[in-house]
Every structure is written in C-alpha cells, then in structure tokens.
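In numbering that gives the first Met the number 0, the protein residues as written are 0 to 247.
We treat Cβ as the ideally placed atom computed from N, Cα and C, and that holds for glycine.
Note that the structure is a prediction, hence the values are computed from the model and not measured.
For reference, the structure is listed below as structure tokens.
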Amino acid sequence: MSPIVYLISGANRGIGLGIVAQLAVRENTVVFAGARNPSGATDLQTLESKYPGKVHIVKLTSTDEADNKAAVAKIQKLAGRLDVVIANAGVSNSYTPSEQVSLDAMREHFEVNVLGPLVLFQASYQLLKASSDKPKFIVVSTAVSSIEVGTKFAIPVLPYGTSKAAVNWLTAKLFWEHPGLVAVALHPGVVDTDITAFAIEQIPELGKFPTITVEESATGVLSVVDAAKRDEETGPKLASYDGTVLPW
0 MSPIVYLISG
10 ANRGIGLGIV
20 AQLAVRENTV
30 VFAGARNPSG
40 ATDLQTLESK
50 YPGKVHIVKL
60 TSTDEADNKA
70 AVAKIQKLAG
80 RLDVVIANAG
90 VSNSYTPSEQ
100 VSLDAMREHF
110 EVNVLGPLVL
120 FQASYQLLKA
130 SSDKPKFIVV
140 STAVSSIEVG
150 TKFAIPVLPY
160 GTSKAAVNWL
170 TAKLFWEHPG
180 LVAVALHPGV
190 VDTDITAFAI
200 EQIPELGKFP
210 TITVEESATG
220 VLSVVDAAKR
230 DEETGPKLAS
240 YDGTVLPW
C-alpha cells in the first residue's frame, strides 16, 4: 500500500511539531515538515534523523511563493503527490482594543493567516490532485473565528479573529470550488504553547481558560483529519479537535 503523504506548515514548534511527531510514528506515512528556518528547527532535525525517509524538512515561509513552490518541487521529486496538507502556520500577537488596534497589526495577521494558506494551496494543488484518494486541505483555525461564538469573547483579538474568520471563508470556498477536495477549518483547542503563554501575559484573564497539551491537541486534530470526508449535503465545516462542529 502506498504511504499517505502529508505536508504540514509551521511544523518547527507547537501544534505543528506535535502533529509531525505523531505522524512520524505511524506506519505507512511520509511527512514533509515546513519550517521558515530549517537550520534552526532542531526538534524537527531530531525527528528527521530518527525517522529517515519518513520525515523531510522543507523550507516554507508563509506567503513566500518561491519558498512554497520550491518545497512542492522537492515533494514532487521525492513523493510525486500530496494526500493531506495541513496549513498550520499562523500568527497571533496583537491584543489591543478595536479602537486602538493598528492597521499594521491587521495587515500582518491577514498576510500570514489568510494569504499564507492561499499561497500554500496554490502551490500544492497539483500534487493534491495527484492523490489516489480524496485529497485533504486542512486549515488550522480557531473558535475565536466563529462569528456566532468568537465575537462574544471578552478578549481583544481583532486582528486574529477577523483574519481567521476570513480564512474560514477561504476554506469553504475551496470546498465548493474543487469538487474532489476535502477542505476543513479546524480549531485545535486552547493549547499550552508559547503563543498562548504570550497571550496570557498580555491578557491575564485568559489564564482562566483551561488549556490542553500539544500532544492532546495533535491527537485530536489528527483524529478529525483522519475521519474527514467530503459531504456535499452538510458542506464545509469549522470543526473542533474534539470532533464537535462549531458555528461559522
């Protein structure tokens, strides 16, 4: 049986690294792990050495079209196709009330959180089409992106929330525009990472929210990814790592 070929962006730390680590121990998988600075991605290097031929580090910078195309060219040479792409790279670093938030912060979040997944999809689409099964394009989103739920959270995350809501729209559009594609926006949980720690430093009340470990998040994310199917009756979903479906 041919291996399942994955590409994970933002794989050098946090949730992305956790996903790569869990995929590496599975039988019949090949994982391409995207990192902006491969030479500094020491944890990924350890996994690549431990699982030779199964884990491959590729240079991948959000919105850098040349980087994305070069990474996909390497995947084409080594694997010839992609079965699952997880657009995990993202940014969340602005915690300012809406009346004070800077346009630069808005631009940065839209650049990384919306254009990044779009560039990744454009670069990887031909290899996804080469999949022998229904290819999957998974975008790591957030519950904060839910207009029905996330806008009611009393936390100042305008750049993050609006950019993730926009990438949800992108994900849904990809679903309908490409009938052979499984496209899902996925909330990974409130995960104990350096990004979450920084957010709590800026907004101490965030510390009241229970967190899950990277390992718990990665397990849940992969469970949802494994089970994801194309259902045109229900359409695209904003799913949570625990299997529940969140409102758009």
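Rounded to the nearest whole angstrom, the CA to CA distance from Glu107 to Val84 is 23 Å. Setting aside the 5 residues that flank it on each side, Ala70 is surrounded in the same chain by Leu6, Phe31, Gly33, Val57, Lys58, Leu59, Ala122, each with a C-beta closer than 8 Å to its C-beta; the list follows chain order. Beta-bridge partners of Ala34 (DSSP): Lys58. Rounded to whole angstroms, the separation of the alpha carbons of Pro246 and Asp191 is 24 Å.
Rounded to whole angstroms, the separation of the alpha carbons of Arg80 and Leu117 is 19 Å. By the Cβ neighbour-count rule, Lys76 is exposed, with fewer than 16 other Cβ atoms within 10 Å of its own. In the displayed model, Ala70 falls within a helix according to three-state DSSP. Between Phe152 and Ser145, the alpha-carbon positions lie close to 10 Å from each other.
Per the coordinates, the alpha-carbon of Asn67 lies some 35 Å from the alpha-carbon of Phe208. Here Ile18 is near Val220, since their CB atoms are less than 8 Å apart.
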